[in-house]
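For reference, the structure discussed in these notes is given below.
Protein chains: 2
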Amino acid sequence: MKVAIIGGGAAGMSAASRVKALKPEWEVSVFEATSFVSHAPCGIPYAIEFDFGSEELMYYKPEVFVKERGIDLHLNAKVVEVDYGKLRVEENGKEKTYEWDKLLIATGASPKVPKIEGVDLENVFTVDLPPDADRIRRAAKEAENVVIIGAGYIGVEMAEAFSAINKKVTVIEFLDRPLANFDREISNIVKEEMEKKVELKLEESVEAIEGKDKVEKVVTNKGEYKADLVILATGVKPNVELAKQLGVELGETGAIKTNSKMETNVENVYAAGDCAETINLVTKKPAWIPLAPAGNKMGYVAGVNMAGGNIEFPGVVGTQITKFYDLQIGKTGLTEEEAKKEGFNVKSAFIQANTKVHYYPGAKKTFIKAVKDADTNRILGAQIAGYEMVTMRVNVFATAIQAGFTTRDLFFADLAYAPPFTPIWDPVIVAARVLKF
Amino acid sequence: MKVAIIGGGAAGMSAASRVKALKPEWEVSVFEATSFVSHAPCGIPYAIEFDFGSEELMYYKPEVFVKERGIDLHLNAKVVEVDYGKLRVEENGKEKTYEWDKLLIATGASPKVPKIEGVDLENVFTVDLPPDADRIRRAAKEAENVVIIGAGYIGVEMAEAFSAINKKVTVIEFLDRPLANFDREISNIVKEEMEKKVELKLEESVEAIEGKDKVEKVVTNKGEYKADLVILATGVKPNVELAKQLGVELGETGAIKTNSKMETNVENVYAAGDCAETINLVTKKPAWIPLAPAGNKMGYVAGVNMAGGNIEFPGVVGTQITKFYDLQIGKTGLTEEEAKKEGFNVKSAFIQANTKVHYYPGAKKTFIKAVKDADTNRILGAQIAGYEMVTMRVNVFATAIQAGFTTRDLFFADLAYAPPFTPIWDPVIVAARVLKF
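Chains A and B are the protein sequences, given in the same order. Just so we're aligned, residue 1 is where the first sequence starts under the UniProt record's numbering, counting upward by one. Just so we're aligned, residue 1 is where the second sequence starts under the UniProt record's numbering, counting upward by one.
Right, here's the structure in full:
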């Protein structure tokens with residue numbers, strides 16, 4: 001049996017490893033366009049901040065997959081065409097054709113590039129693949145003024161990275177707040193924190209990037225900003241071109257539609273990772289939230305099923321986390337805005353709390369915005385900003401939402417308490433109490 | 001309506017506050033034997049370590065309850081006898097009688113004092129009420145050699161406290177490991193860590209405490225240890241004497257038996273907090289786990305129900321956490337040993353993991369022992385030791401166990417990931433995968 005996998009990122013390599021573990025005698029070939037495998041763009045901001053090489057961004061080296069796991073790994077191998085049962089690949093300057101019985105599309109996502117003048121100038125970058133990390137690091141050494149276009153996750157993380165290495169950073173965002181996928185109460189905390197460290201320009205739209213050869217400035221509808229280095233961080237889109245060639249159906253989110261076994265509408269063709277759609281467990285509707293943990297698990301599920309097993313990927317609750325310097329910011333489930341759009345009868349609570357009992361040194365502030373369905377008391381989502389333990393509280397909410405907890409269930413959650421770690425009434429419990437039950 | 005509450009700790013004051021909030025016109029009297037309210041012994045080790053006064057251990061000052069909440073608060077008021085409808089109280093040297101229509105017994109727990117010679121010597125202490133903190137602090141200033149008898153939570157926390165203020169600390173434990181309510185894999189990590197900082201004497205039983213007026217040494221079956229200060233930390237027992245006077249039934253754990261509304265077998269008599277039994281949600285059997293968060297919530301539930309409401313305390317999963325210097329140690333649900341005793345067909349996993357992705361600075365080690373029911377794949381418990389994020393992972397397990405998660409549910413939990421916080425495959429997810437589903 002010949003299994004072909006397009007894309008050697010988290011999902012592709014998870015799937016390949018699973019298939020070989022379950023069916024060692026099968027031929028499993030992975031075609032990866034770069035020289036990197038099991039990589040993820042989430043590390044790139046930290047490669048800039050802590051100045052390490054892109055090879056560090058790989059979780060496993062290619063040899064591990066080839067020698068230990070017996071995978072037929074093709075690096076620098078760009079799949080240019082897919083037919084049923086066949087693949088055409090540009091590999092080290094040559095074109096080759098490979099046959100497949102089962103195919104996994106794990107082509108990932110790519111940055112959206114805004115349709116403005118100057119995006120091709122030298123020192124204008126997107127944050128996507130490991131080689132970008134090296135190019136950006138190199139350019140950063142010469143740069144003084146950095147302009148980041150977009151204040152989503154990547155924009156916020158790159159803003160910290162460049163500010164931490166002493167660049168003058170300007171962040172330009174079209175919307176009225178950073179991390180606008182959070183409700184305003186939380187985004188505003190992020191805004192205040194960012195304004196301490198970088199120039200944050202909100203409600204400005206970039207009209208052009210200008211320069212002779214290298215970038216020199218960014219022009220917006222409100223002004224212009226000197227720039228030696230520009231980061232385009234205006235979102236990502238799923239890579240679905242090859243899927244479309246094969247007649248694979250896309251979902252309403254624009255990503256590849258699959259069932260819970262990661263099967264597409266085309267027999268023997270699977271999709272997993274950032275190119276694939278999944279289900280939001282709160283709304284039960286299709287969702288596209290391209291993040292590494294779900295990508296890995298989708299790959300795992302696809303691999304098991306391709307190898308003849310039977311396992312389902314249940315979906316996600318949309319858990320996400322990031323930080324800007326000491327401020328940690330996370331969410332799970334729906335925001336109030338999202339929940340209202342979905343037609344829920346929403347009640348929300350916004351609380352401020354300390355992270356430890358009053359007498360234990362080092363307590364920090366934390367803020368929780370929690371949202372419930374007022375008809376059923378089910379917890380729909382939570383957003384948390386704070387200076388420690390945000391991951392803990394986001395994960396408690398994520399687990400509670402996955403379990404379908406009501407506010408009462410959450411109020412009675414038996415969470416750990418000791419003075420060095422938490423207050424007696426954990427802020428999560430307080431949020432449940434304020435939401436009422 | 002006259003409500004009397006015996007005990008002004010966490011449970012008593014939570015209940016009193018609830019009743020007054022719901023029935024402001026009712027007379028709510030709290031009788032507290034000390035001059036402290038809303039206190040908890042969990043802070044005492046930190047009062048020693050960070051050298052602060054016992055008044056800091058109160059969450060709210062007495063005035064808050066009297067002035068803001070309208071509670072009739074009697075401090076230094078020891079209830080000496082309870083009859084149906086009546087209380088006899090020793091108050092400021094006088095004896096008084098009060099009437100009640102509804103009664104809450106919130107008498108807490110007290111340290112067990114070993115039946116050996118010398119426990120009454122000067123500078124031999126138990127860790128119980130806020131005044132103990134001041135007495136211990138005062139004695140510690142003069143002490144060089146501290147002997148702690150017992151290596152449970154209090155023993156471990158007091159060992160850190162005295163070692164941190166540069167005392168020579170010897171911990172004597174009858175069993176073969178510290179924190180013996182954990183499985184051996186985890187206790188052994190604690191043992192190693194403790195041995196770096198204190199003299200840990202295991203499998204030794206204390207035979208006498210000796211000295212002229214003040215304590216001078218502790219004698220065991222294996223040797224003797226110089227001691228200027230001794231801490232007795234050999235467990236606690238529920239305070240049930242007053243309950244027994246009234247004919248209130250005790251449960252199989254020895255604590256007061258209640259239903260989920262915190263009602264005892266005697267009409268209009270409730271019990272809550274460290275003197276009351278509850279249900280272990282994993283075994284569905286009576287459990288006595290005297291800890292502050294559950295105590296507070298039991299008080300809340302008792303208060304609502306005394307005021308005519310209807311709310312149930314569902315029980316606990318037994319979540320606990322502590323630390324010894326940088327090592328954080330927590331558990332929830334059943335250990336392997338406990339699960340076997342309960343007759344489960346147990347499968348366990350013990351994993352070691354790093355707390356962050358490899359390229360992000362500052363990753364630390366963490367160890368998870370997780371236990372499932374091999375017949376149903378339900379998660380039964382987890383124990384975690386590590387150098388960060390233990391609270392997070394214990395709380396994820398606690399929430400998952402409360403929800404009745406199987407290993408598969410937990411494997412697909414949508415936990416937060418970003419390089420500064422966690423690895424892509426969170427150790428919790430890895431544990432679920434190793435346990436199989």
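In this text, a Cβ means the ideal position worked out from N, Cα and C, and glycines have one as well. Computed from a predicted model, the values in this text were never measured in an experiment.
query	result
Short CB-CB distance (under 8 Å) between residue 36/A and chain B	no
Coil, strand or helix - residue 451/A by DSSP	Residue 451/A is absent from the model: chain A starts at 1 and stops at 437.
Burial state of residue 383/A (16 or more Cβ within 10 Å)	buried
Length of the line joining the Cα atoms of residue 277/A and residue 362/B	34 Å
Neighbourhood of residue 118/A by C-beta, 6 Å cutoff - its chain only, sequence neighbours within 5 removed	208, 209, 210
Residue 283/A in three-state terms, based on DSSP	coil
Interfacial residues, the segment 37 to 54 of chain A to chain C, with Cβ spacing under 9 Å	In the displayed structure, chain C is absent; the protein chains listed are A and B.
Per-residue contacts from residue 165/A into chain B (C-beta, under 7 Å)	In chain order: nothing, as chain B lies at least about 14 Å away.
Unbroken alpha helix (DSSP H) run spanning residue 289/B, endpoints	Per DSSP, residue 289/B belongs to no alpha helix (DSSP H) and is neither H nor E.
Chain B contact residues for residue 288/A, given Cβ-Cβ distances below 9 Å	In chain order: nothing, as chain B lies at least about 14 Å away.
Classification of residue 360/B by the beta-carbon crowding that lies within 10 angstroms, buried from 16 upward	buried
Neighbour-count burial assignment, residue 317/B, 16 or more Cβ in a 10 Å radius	buried
Chain B contact residues for residue 383/A, given Cβ-Cβ distances below 9 Å	Those do not exist, as residue 383/A stays about 12 Å from chain B at its closest Cβ, beyond 9 Å.
Run of the alpha helix (DSSP H) containing residue 338/A, from where it starts to where it stops	336 to 341
Contacting positions in the segment 271 to 287 of chain B - beta carbon closer than 7 Å to chain A	none
Cβ contact (3+ pairs, closer than 8 Å) linking the segment 378 to 398 of chain A and the segment 279 to 287 of chain B	no
Spatial distance of residue 441/A from residue 205/A (CA atoms)	Chain A is shown only over 1 to 437; residue 441/A falls outside these bounds and no answer can be derived.
Option in 113/A, 334/A, 198/A with minimal Cα separation from residue 233/A	113/A
Nearest candidate by alpha-carbon position, reference residue 299/A, set 87/A, 13/A, 103/A, 1/A	13/A
Sufficient close CB pairs (3 or more, under 8 Å) joining the segment 391 to 402 of chain B to the segment 386 to 404 of chain A	yes
Cβ pair count under 8 Å reaching 3, the segment 404 to 421 of chain A against the segment 321 to 340 of chain B	yes
Beta carbon of residue 385/B nearer than 8 Å to that of residue 154/B	no
Test: residue 395/B CB closer than 8 Å to a CB of chain A	yes
Within 8 Å of chain B by C-beta, residues of the segment 56 to 81 of chain A in sequence order	56, 57, 59
Residues that residue 322/A contacts on chain B, provided the C-beta gap is smaller than 8 Å	418
Residue 400/A burial status per 10 Å Cβ neighbour count (16 or more: buried)	buried
Under 7 Å by beta carbon: chain B residues contacting residue 113/A	By Cβ distance, chain B contributes nothing, its closest Cβ being about 24 Å from residue 113/A, past 7 Å.
Proximity test, residue 62/B beta-carbon vs the ligand SAH heavy atom, cut-off 7 Å	The ligand SAH is not part of this structure, which contains no ligands at all.
C-beta neighbour in chain A for residue 330/B, strict 8 Å	yes
In chain order, each beta strand (DSSP E) run of at least 3 residues that lies wholly inside the segment 125 to 198 of chain B	145 to 149, 168 to 172
Beta-carbon gap between residue 227/A and residue 147/A smaller than 8 Å	yes
Cβ-Cβ distance between residue 123/A and residue 257/A below 8 Å	no
Nearest neighbour of residue 356/A, chosen from 369/A, 404/A, 297/A, 425/A [CA to CA]	425/A
Nearest-angstrom beta carbon gap, residue 26/A and residue 37/A [assumed within contact, 8 Å]	In fact, because the Cβ distance is near 19 Å, the residues do not count as touching under 8 Å.
Same chain only: Cβ atoms within 6 Å of residue 101/B, ignoring 5 sequence neighbours per side	1, 2
Distance between beta carbons of residue 275/B and residue 107/B, contact taken as under 8 Å	5 Å
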